[in-house]
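Everything on this sheet refers to the single structure shown next.
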Amino acid sequence: MDVIKRNNVKVLGEGTQPIVFAHGFGCDWTAWRSVAPNFERDHKVILFDHVGAGGSDLTAYRSDKYSSYAGYVADVLEIIDELDMNDIVFVGHSAAAMIGMLASIQKPERFDSLVMVSPSPSFLDEGDYKGGFSRDDIDGLLEVLDSNFLGWSRSTAPLIMGNPERPELGDVLTGSFCRTDPDIAREFARVVFLADHRADVPNCTKRALVLQTQADLIAPVEVGHYMHDHLPNSELVLMKATGHCPHISAPEETSAAIRSFLAG
Amino acid sequence: MPPSGAPPDETAEDLYESAPVGYLTLDSGGLITRVNGTLAGWLNLDKPALLGQKVQKILTPGARIFYETHCGPILRLEGALRQIALDLRRADGTRLPALMEWRRVDGLDGAPLGYRVMVVDATERRAYERELLDERERARKTAEELARLNADLETRVEARTADLVQLRKIESLGQLTGGVAHDMNNLLTPIVTCLDILSRSTNLSPRQERLLGGATEAAERARILVSRMLTFARRQHLEARPVDLTELVLGMHDLITRSIGPLIELHVQADPDLPLARVDPNQLELAILNLSVNARDAMNGQGHLTLRLGTTLIADGQPAPLPAGRYMSLVMRDTGAGMDAATLARATEPFFTTKAPGHGTGLGLSMVHGLAEQSGGALFIESVPQAGTTVTILLPLASEAVRATPAPPAPSYKEPVQRLRILLVDDDELVRSSVAAMLDELGHDVRDVATPLLALNEVNAAYPDLLISDFAMPGMTGLALIQAARQQRPSLPVLLVTGFANLPDLDATTLPRLSKPFSRAELASAIAQAAHVPNASLAT
Ligand SMILES: Nc1ncnc2c1ncn2[C@@H]1O[C@H](COP(=O)(O)OP(=O)(O)OP(=O)(O)O)[C@@H](O)[C@H]1O
Ligand SMILES: [Mg+2]
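Chains as they are written, first to last, in my numbering: chain A, 1 to 264; chain C, 265 to 804.
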């Protein structure tokens, strides 16, 4: 198994300390294209796609392996082994913030610190905890996913993904962003939106930065506070940016926050 | 008023407000700045309630996640979204499935001014999609089920192929074994004969007598071994006749007990009034002994051995290696170590043994198997490791008519009844000279020749009292020779000597015959019989 090919791993930059950027649900590595270059001078920059997204090897996808975060965490640890990395800064958006957190709990010796962009340990409301969604809401998401991935919408679900017989589509789509395989996206959605990793949060002892935006409709500000309160060693930064993807909508503010966290 | 029949006279404003699509304008931050009447109507909301809201607010929570995770980033990076399926939320909380088109509007300096959004009601289309998706899911399940069935079939075919390979292997082993046994018989004949002649000489020292005894015993063991090989190869000459199995088994009780040892309990159970089986009783006794010894070895000298006699009905259409009908069953069950699947699969293979060298030849079960099949029955073995083994022999029933016929008394002989002129033909020099010596010993006048043609000349020239012929000879079989000889002398008494006891050609004849190897006494008795049945015919 070629880990580098499987996860479409790219290594850039001139520095020595590795900084890994991991994309969340619905995106691929290109989500970081306005943030990652800001770190190339001082770091070794690692970008990759989770299996099922972007340029990853779709044939490596197995429903049983990726039926929970564990499969994704294993992939991250394999990339770390393959590149023989230590002292890592792991920057993860949303779902990938959880993946990074779980990886650092498994192999703390490899990590220096974590940057969690719009993280959420659980999206479902439960008792006092306000994840933001009900089970019905998640079913609604799955239906919308189905509908978009049926083929009406090439914007998010390029046919190329399930269509090795039509390589010409590859050219049309080169330079596109955030492509995911429909069937895999559906299963990834279940992993991300039905998982509850609140119990793991206190076990993450690494220095962590929680980046929380204004009016994040996916991970509301209460969840940002929850993370900050339960991570033993964390800082919370409330950004001016709005929405769930500040690394896309406000790359400069995001980069600055990360830089000052790393300096501090 | 437009004339009736003319298209509606719409202003641009009318078109905007009442077009059959929804329309929205957003500022660069995603807040709604304008909305048309059609969309407000669909959502059942007043326009003022919509203005200034984030566009995500009119989406259902599920659609909002999709918008935030998939649409937002693409819209930002690429400036357009085509035909995205999203669910809108009406004032009453119900869902309006929609298809939406998004376009970013950039100012002259390239900075975004805002977005244009068109909304199409996709309620019916979405319902149809659901059906399609359900159908696809069903098809996928069917395909999976088919793949599973296919895989199942393949493993079954594989297993069958393995069975066939095993069968073919046993078949070729049978041919090989038969051939080897035949040659061994030819070699044993002179050995047995010479030993016999030697043992009859007087003035033997005790040491010579002991040595001779050892050699004779070894030859006898070799003879039994060859006979088991022949049974396996289904070439044993069987004296099948009606046999009362209960009587046979009870008669063997002591023999079995002795062979299994004192710590194994033997239980014999027999249904009352069992019909007779059709089988060679001597061979069956051998088979039962073989099975008893196997059971003893498997139980390490301790346990229970049960021998059950009954009948079994093989029904029509039942998968069995036998024609439908009633069969006698002899079941031997032990509480021994049992066999794993691999051992069980090979147990009846000749020379297959798991026993230490010198402790098993691996011919026991193959002999039993050969006997059962050659008798028109079958052998079944079931075994559970650590629990025990059950061996079942099925044998055909003897018809009632045969029941009354008593077994013919073994022919006795007094020597020498009569000095005969005997013509002996055998292509094998060793066999021929030793048999000739034996005949001489018995007081007969022997003329021996090496080929059937020479023999035919002799028949004409010398008028022998008896023709003793080997069966397998180059150029002409013993059977053909006898046929040719009888053309000239129809009443010529003959004795056929065979290595392969059970050749198909021979089955059809009642010619007196003698299986190799044989002792002097057996030869004498066969001669006595042959000389008295000169009219035995070639065909039954
Ligand atoms: N009752 C039994 N329980 C367990 N294993 C048995 C039993 N009968 C036969 N087997 C297995 O099958 C093998 C073959 O049996 P078979 O009677 O043909 O040969 P053998 O007993 O090894 O040698 P031989 O009978 O020629 O002395 C045995 O070596 C043994 O492994
Ligand atoms: Mg045996």
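Virtual Cβ for every residue (Gly too), placed ideally from N, Cα, C.
Margin query: Going by beta-carbon coordinates alone, are residue 31 of chain A and residue 90 of chain A separated by less than 8 Å?
Written below: For the purposes of this step, residue 31 of chain A is taken as the residue at position 31 of the first sequence. For the purposes of this step, residue 90 of chain A is taken as the residue at position 90 of the first sequence. Taking 8 Å as the Cβ cut-off, residue 31 of chain A and residue 90 of chain A do not qualify as a contacting pair.
Margin query: Against chain C, with Cβ distances strictly below 8 Å, would residue 218 of chain A count as a contact?
Written below: As a first step, residue 218 of chain A is located in the first sequence; it is residue number 218 there, counting from the start. Contacts with chain C at 8 Å (Cβ-Cβ) include residue 218 of chain A.
Check: Of all Cβ atoms in chain C, is any one closer than 8 Å to the Cβ of residue 126 of chain A?
Finding: On the first sequence, position 126 is the one that residue 126 of chain A refers to. Taking CB atoms only, residue 126 of chain A has no neighbour in chain C less than 8 Å away.
Notebook entry, point to check: When burial is assigned at 16 or more other CB atoms within 10 Å of the CB, is residue 265 of chain A buried or exposed?
Noted result: Because chain A here runs from 1 to 264, residue 265 of chain A falls outside it and cannot be looked at.
Next item on the list: Give every residue of the same chain whose Cβ lies closer than 6 Å to the Cβ of residue 503 of chain C, excluding the five residues on either side of it in the sequence, and list them in chain order.
Entry: Start at 1 with the first residue of the second sequence, and residue 503 of chain C comes out as number 239. Excluding residues up to 5 positions away in sequence, 544 lie with their Cβ nearer than 6 Å to the Cβ of residue 503 of chain C in the same chain.
Notebook entry, point to check: Within 7 Å: the Cβ of residue 604 of chain C and any heavy atom of ligand 1?
Noted result: Along the second sequence, read from residue 1 onward, the residue named residue 604 of chain C stands at position 340. Short note on residue 604 of chain C: C-beta not closer than 7 Å to any heavy atom of ligand 1.
Check: How about residue 600 of chain C and residue 652 of chain C: are their beta carbons less than 8 Å apart?
Finding: Here the question's residue 600 of chain C lines up with position 336 in the second sequence. Here the question's residue 652 of chain C lines up with position 388 in the second sequence. Against a cut-off of 8 Å, the Cβ pair of residue 652 of chain C and residue 600 of chain C comes out as a contact.
Margin query: For a contact defined as C-beta to C-beta under 7 Å, what are the partners of residue 138 of chain A on chain C?
Written below: Taking the first sequence and counting its residues from 1, one reaches residue 138 of chain A at position 138. Under a criterion of Cβ atoms nearer than 7 Å, the residues of chain C adjacent to residue 138 of chain A are, in order, 326.
Margin query: So, at 6 Å on beta carbons, what are the nonlocal neighbours of residue 367 of chain C in its own chain, with the 5 sequence-adjacent residues on each side left out?
Written below: To locate residue 367 of chain C, count along the second sequence from 1; it is residue 103. Result list for residue 367 of chain C: 344, 380, in chain order.
Notebook entry, point to check: Do you know how far the Cα of residue 326 of chain C is from the Cα of residue 261 of chain A?
Noted result: As a first step, residue 261 of chain A is located in the first sequence; it is residue number 261 there, counting from the start. As a first step, residue 326 of chain C is located in the second sequence; it is residue number 62 there, counting from the start. Between residue 261 of chain A and residue 326 of chain C, the C-alpha separation is close to 33 Å.
Next item on the list: Note down, in chain order, all residues in the stretch 65-99 of chain A with a beta-carbon under 8 Å from any beta-carbon belonging to chain C.
Entry: The residues in question are 94.
Margin query: Which residues in chain C have a C-beta closer than 7 Å to the C-beta of residue 31 of chain A? List them in chain order.
Written below: Here residue 31 of chain A corresponds to residue number 31 of the first sequence, with the count starting at 1. In chain order: 337.
Item checked: Close-in-space but distant-in-sequence residues of the same chain around residue 6 of chain A (CB under 7 Å, 5 per side omitted) -> Here the question's residue 6 of chain A lines up with position 6 in the first sequence. Within the same chain, residue 6 of chain A has close Cβ partners 51, 56, 57, 60.
Notebook entry, point to check: ligand 1 heavy atoms versus the CB of residue 619 of chain C: any closer than 7 Å?
Noted result: The residue labelled residue 619 of chain C in the question sits at position 355 within the second sequence. Because some heavy atom of ligand 1 lies under 7 Å away, the Cβ of residue 619 of chain C counts as near it: yes.
Margin query: Let's see if you can read the secondary structure: which residues bound the beta strand (DSSP E) around residue 44 of chain A?
Written below: Here residue 44 of chain A is taken as the residue at index 44 of the first sequence, counted from 1. First-last of the beta strand (DSSP E) with residue 44 of chain A: 43-48.
Checklist line | C-beta atoms of residue 645 of chain C and residue 611 of chain C nearer than 8 Å | finding: In the second sequence, counting from the first residue as 1, residue 645 of chain C sits at position 381. In the second sequence, counting from the first residue as 1, residue 611 of chain C sits at position 347. Cβ distance < 8 Å, so residue 645 of chain C and residue 611 of chain C count as in contact.
Next item on the list: May I ask you to check if the CB of residue 523 of chain C is nearer than 7 Å to at least one heavy atom of ligand 1?
Entry: The count along the second sequence starts at 1 and reaches residue 523 of chain C at position 259. No.
Note to self: Can you look up residue 25 of chain A in the DSSP assignment and give me helix, strand or coil?
What the structure shows: Residue mapping note: residue 25 of chain A aligns to position 25 of the first sequence, counting from 1. For residue 25 of chain A, the secondary structure class from DSSP, reduced to helix, strand or coil, is coil.
Notebook entry, point to check: Under 7 Å from any heavy atom of ligand 1, does the C-beta of residue 554 of chain C make it?
Noted result: The sequence position of residue 554 of chain C within the second sequence is 290, counting from 1. Taking the Cβ of residue 554 of chain C as the reference point, at least one heavy atom of ligand 1 falls within a distance shorter than 7 Å.
Check: With 8 Å set as the bound, which would you pick, yes or no: does the beta-carbon of residue 291 of chain C sit closer than that to a beta-carbon of chain A?
Finding: Sequence index remark: in the second sequence, residue 291 of chain C carries index 27 (1-based). Residue-level contact by beta carbon fails for residue 291 of chain C and chain A, as no gap is shorter than 8 Å.
Note to self: Judging by CA-CA distance, which residue of A/15, A/104, A/235, A/254 is the nearest neighbour of residue 241 of chain A?
What the structure shows: Taking the first sequence and counting its residues from 1, one reaches residue 241 of chain A at position 241. Among A/15, A/104, A/235, A/254, the Cα nearest to that of residue 241 of chain A belongs to A/254.
Checklist line | residue 406 of chain C (DSSP reduced to helix, strand or coil) | finding: As a first step, residue 406 of chain C must be located in the second sequence, where it is residue number 142. The answer is helix: DSSP assigns residue 406 of chain C an H, G or I state.
Next item on the list: Check whether the Cβ of residue 628 of chain C sits closer than 7 Å to any heavy atom of ligand 2, and report yes or no.
Entry: Along the second sequence, read from residue 1 onward, the residue named residue 628 of chain C stands at position 364. It does: the Cβ of residue 628 of chain C is within 7 Å (strictly closer) of some heavy atom of ligand 2.
Next item on the list: Along the beta strand (DSSP E) that carries residue 569 of chain C, what are the first and last residues, could you check?
Entry: Here residue 569 of chain C is taken as the residue at index 305 of the second sequence, counted from 1. In the DSSP annotation of this structure, the continuous segment of the beta strand (DSSP E) that includes residue 569 of chain C starts and ends at 567-578.
Margin query: Which residues in chain C have a C-beta closer than 7 Å to the C-beta of residue 141 of chain A? List them in chain order.
Written below: In the first sequence, the residue the question calls residue 141 of chain A occupies position 141. Within 7 Å Cβ-Cβ: 326, 329, 330.
Notebook entry, point to check: If you draw a straight line from the C-alpha of residue 727 of chain C to the C-alpha of residue 742 of chain C, how long is it?
Noted result: The residue given as residue 727 of chain C occupies position 463 in the second sequence. The residue given as residue 742 of chain C occupies position 478 in the second sequence. Counting only the Cα atoms, residue 742 of chain C lies some 18 Å from residue 727 of chain C.
Next item on the list: Using beta-carbon positions only, say whether residue 121 of chain A and residue 237 of chain A come within less than 8 Å of one another.
Entry: As a working mapping, residue 121 of chain A is identified with position 121 in the first sequence. As a working mapping, residue 237 of chain A is identified with position 237 in the first sequence. It is not a contact, given that the beta carbons lie outside the stated cut-off.
Notebook entry, point to check: Taking DSSP as the reference, what is the three-state secondary structure of residue 499 of chain C?
Noted result: Looking up residue 499 of chain C in the second sequence gives position 235. In the structure shown, residue 499 of chain C adopts coil according to DSSP, grouped into three states.
Notebook entry, point to check: Using the C-alpha atoms, what's the distance from residue 328 of chain C back to residue 26 of chain A?
Noted result: For the purposes of this step, residue 26 of chain A is identified with residue 26 of the first sequence, where counting begins at 1. For the purposes of this step, residue 328 of chain C is identified with residue 64 of the second sequence, where counting begins at 1. Going from the Cα of residue 26 of chain A to the Cα of residue 328 of chain C covers about 13 Å.
Next item on the list: Examine ligand 1 and report whether any of its heavy atoms sits within less than 7 Å of the Cβ of residue 647 of chain C.
Entry: Counted from its first residue, the second sequence places residue 647 of chain C at position 383. At least one heavy atom of ligand 1 is nearer than 7 Å to the Cβ of residue 647 of chain C, so yes.
Check: In whole angstroms, what is the alpha-carbon distance linking residue 607 of chain C and residue 486 of chain C?
Finding: As a working note, residue 607 of chain C is residue 343 in the second sequence. As a working note, residue 486 of chain C is residue 222 in the second sequence. Near 27 Å, if we compare the C-alpha coordinates of residue 486 of chain C and residue 607 of chain C.
Check: How about residue 398 of chain C: is its C-beta nearer than 8 Å to some C-beta of chain A?
Finding: In the second sequence, counting from the first residue as 1, residue 398 of chain C sits at position 134. Cβ-Cβ to chain A under 8 Å: no for residue 398 of chain C.
Next item on the list: Can you say whether residue 231 of chain A is buried or exposed, counting buried as having 16 or more other CB atoms within 10 angstroms of its CB?
Entry: Here residue 231 of chain A corresponds to residue number 231 of the first sequence, with the count starting at 1. Residue environment for residue 231 of chain A: buried (at least 16 other C-beta atoms within 10 angstroms of its C-beta).
Check: Can we count residue 607 of chain C as close to ligand 1, meaning its CB is less than 7 Å from some heavy atom?
Finding: Position 343 of the second sequence holds residue 607 of chain C. True, at least one ligand heavy atom lies under 7 Å from that Cβ.
Checklist line | Coarse secondary structure for residue 347 of chain C, derived from DSSP in three states | finding: As a working mapping, residue 347 of chain C is identified with position 83 in the second sequence. In the structure shown, residue 347 of chain C sits in a strand (DSSP, three-state: E or B).
Next item on the list: For residue 495 of chain C, verify whether its CB is less than 7 Å away from any heavy atom of ligand 1.
Entry: If you number the second sequence from 1, residue 495 of chain C lands on position 231. Not under cutoff, so the answer is no.
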